[in-house]
Structure formats: C-alpha cells, structure tokens
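Here the structure comes first, spelled out in structure tokens, and everything after it is commentary.
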Amino acid sequence: MRDRIYNFMRSRYGVDQLSSFLTWGGVIFILIDMFARTGIFYLLGIIMLIYGYIRVLSKKYERRAAQNRWFLERTAGIRGFFKSFSNRMRKRREVGKDYKVFTCSRCRQMIRVPKKKGKIEIRCPKCGNTFIKRT
Numbered sequence: 003m004r005d006r007i008y009n010f011m012r013s014r015y016g017v018d019q020l021s022s023f024l025t026w027g028g029v030i031f032i033l034i035d036m037f038a039r040t041g042i043f044y045l046l047g048i049i050m051l052i053y054g055y056i057r058v059l060s061k062k063y064e065r066r067a068a069q070n071r072w073f074l075e076r077t078a079g080i081r082g083f084f085k086s087f088s089n090r091m092r093k094r095r096e097v098g099k100d101y102k103v104f105t106c107s108r109c110r111q112m113i114r115v116p117k118k119k120g121k122i123e124i125r126c127p128k129c130g131n132t133f134i135k136r137t
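Numbers in the numbering used here are just positions in the sequence shown, counted from 1, shifted up by 2.
Quick look at the structure:
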C-alpha cells in the first residue's frame, strides 16, 4: 500500500506554502462556520480545501511553482513580522531565566538586566535615559 501511494505521488507537485495555507485556511473557515452558522464560511472553507488538494495532486510544476512564488512575494511582509515576533518571544523566554527585560520609555529599546538585584537604576545604552526599576 505504501508503494502504491509513493508511486502515485511521485510525479505530483506536492505540498508547498500556498497549498498548506489553503488547507489550513479552509479548516479554520469550516470551524468558524460551526459557530457563525451562516453557510458562507463553510462554502469558502470547502472551496479552499478542494483547491489546496488540487494543487497538491497537480502535475503542472511550473504553474504551481509560479503561483507559490506569487503567494510568497505578496505575504513576505506579514510572514517577516510573525517570524521576528516569534524570535523576540523565544529570546525573551531564553533570557527570562537569568535576566529581566525592560523597555526604555523614550526610545523603546529593550534592555536586559540581571534578575534579583533589587531596586536599580537602569541607563538606556541607546538614548541615555535613566529610570529606576525593581529586578
């Protein structure tokens, strides 16, 4: 059975970012329709799921790759925002073990300070603003 599936998918385009987005978007729309009960979200979800699977099973490599490139170009900004946001949160979790992070009220610079030092005066390295915080 595994060989049959492998042979069937051998000449297919497969999963890329756009087909993954369409599939997950379709599932989310169907879940939204469970609560909204309008029917339009369900219809949009089914259309997105079907088109996502058509892309996965397609044999037209060039067209699907061009569509994926178009999608990646149009969503580069928002993907970059979420990637930088997740990187900042990951760094905060790593830093959070031994350090506390404060934000300068003047320039919004993030400043890392050792934990458990009591009440200290913090000087922003970027703008020179000083403020007192408890670590």
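Every residue, glycine too, gets a C-beta built ideally from N, C-alpha and C. Predicted model only: the values in this text are computed from it and were never measured.
Query - Enclosing beta strand (DSSP E) for tyrosine 101 [first to last residue] - result: Position 99 of the sequence shown, counted from the start, is the residue given in the question as residue 101. Looking at the DSSP string, the run of the beta strand (DSSP E) that includes tyrosine 101 is 101-105.
Query raised in the report: Going along the chain, which residues of its own chain have a beta-carbon closer than 6 Å to the beta-carbon of glycine 47, five neighbours each way excluded?
Result: For this step, residue 47 is matched to residue 45 along the sequence shown. If we look at glycine 47 and ignore the five residues flanking it on each side, its Cβ neighbours are Gly28, Phe31, Ile32.
Query raised in the report: If you pair each beta-carbon of the segment 97-110 with each one of the segment 73-88, do three or more pairs fall below 8 Å?
Result: no
Query raised in the report: Since asparagine 89 and glutamine 19 are thought to touch, with beta carbons under 8 Å apart, how far apart are those beta carbons, to the nearest angstrom?
Result: The sequence position of residue 89 within the sequence shown is 87, counting from 1. The sequence position of residue 19 within the sequence shown is 17, counting from 1. No, asparagine 89 and glutamine 19 are not in contact; Cβ-Cβ is about 19 Å, not under 8 Å.
Requested in this report: Within its chain, find whatever has a CB closer than 8 Å to the CB of cysteine 109; leave out the 5 residues flanking it on each side and keep chain order.
Outcome: Position 107 of the sequence shown, counted from the start, is the residue given in the question as residue 109. So the list reads Cys126, Lys128, Cys129, Asn131, once near-sequence residues are dropped.
Query - Span of the alpha helix (DSSP H) around valine 58 - result: Indexing the sequence shown from 1 puts residue 58 at position 56. Run containing valine 58: 42-59, per the alpha helix (DSSP H) assignment.
Requested in this report: Compare the beta carbon distance of glutamate 123 and isoleucine 134 with 7 Å and say whether it is the shorter of the two.
Outcome: Translated into positions along the sequence shown, residue 123 becomes position 121. Translated into positions along the sequence shown, residue 134 becomes position 132. Contact flag set, yes.
Query raised in the report: Taking C-alpha atoms, which residue in Tyr15, Ala68, Ile34 lies nearest to tyrosine 44?
Result: Taking the sequence shown and counting its residues from 1, one reaches residue 44 at position 42. That would be Ile34, whose Cα lies nearest to the Cα of tyrosine 44.
Query raised in the report: For the beta strand (DSSP E) that methionine 3 lies in, which residues bound it at each end?
Result: Counted from its first residue, the sequence shown places residue 3 at position 1. Taken as a continuous stretch (DSSP letters only), methionine 3 belongs to no beta strand (DSSP E), as it is neither H nor E.
Query raised in the report: In chain order, what residues of the same chain lie with their CB nearer than 8 Å to the CB of tyrosine 53, ignoring the 5 residues before and after it?
Result: Working through the sequence shown from its first residue, we reach residue 53 at position 51. Correct list, in chain order: Leu24.
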